[in-house]
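Numbering (our numbering), first residue to last: 4 to 206. Below is one structure, written out as structure tokens; the observations come after it.
Okay, here's the thing in structure tokens:
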């Protein structure tokens, strides 16, 4: 299946970043007050740099840029255990896709072929899955995009489940509950890095 192990930071699911447009410096009315060509160029560069930093900051907050283990506050665990966890998440996403999505994307005849591949005797689950991915990729051009979107949805659900669990754990502790509310609001505003920082400061 498509490689869904792109949850670690700096691996974007969808690259929707576009550089900010160039800003022109304001023209002064008095010739004597006009900036030199050098200072004007510096002003343009400064404006562009400021906009670029702002956009990069916003980009860094997006859910797809966050490391799943940071979001969930996982500080322990070996690399092998983390890989196993990602494999399990990948399998959950794939099985959910087969159960809830695939029949909406293919014809009845194509769905019969999907079922035929799944019910093959003498092949391992991994072999069947590989064959299914190859078959569906020809029928659904945006298959990987769909899978990655489902991965983001699962990632989001897991974060809010963490918030819910922490609220239960800190029940009666007003200050910490307020911090959790703040983190939750940040998540709803797509400020995932900032929200995760608050959660991890409480763990």
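C-beta: ideal position from N, C-alpha, C; glycine also.
Considering just the uninterrupted stretch of the alpha helix (DSSP H) at residue 173, what are its terminal residues?
No alpha helix (DSSP H) contains residue 173, which DSSP labels as neither H nor E.
So does the stretch 145 to 158 actually touch the stretch 167 to 177, counting three or more Cβ pairs closer than 8 Å?
no
Using a threshold of 8 Å, state whether the C-beta atoms of residue 67 and residue 199 are closer than that.
no
Let's test the definition: count the other Cβ atoms within 10 Å of the Cβ of residue 163 and tell me whether it reaches 16, buried, or not, exposed.
exposed
What did DSSP end up calling residue 215 once you bin it into helix, strand or coil?
Since the first and last residues shown for the chain are 4 and 206, residue 215 lies out of range.
With a cut-off of 8 Å on the beta carbons, I'd call residue 186 and residue 63 a contact; round off their distance for me.
Incorrect: roughly 17 Å between the Cβ atoms, too far for contact.
Please state if the CB of residue 153 and the CB of residue 99 are separated by a distance shorter than 8 Å.
yes
May I have the straight-line CA-CA distance separating residue 84 from residue 77, to the nearest angstrom?
11 Å
Where does residue 161 land, buried or exposed, given buried means 16+ other C-beta within 10 angstroms?
exposed
Any idea what DSSP makes of residue 194, helix, strand or coil?
coil
As a quick exercise: from 128, 108, 132 and 119, pick the residue whose alpha carbon is nearest that of residue 142.
108
State the Cα-Cα distance for the pair residue 151 and residue 194, rounded to the nearest angstrom.
19 Å
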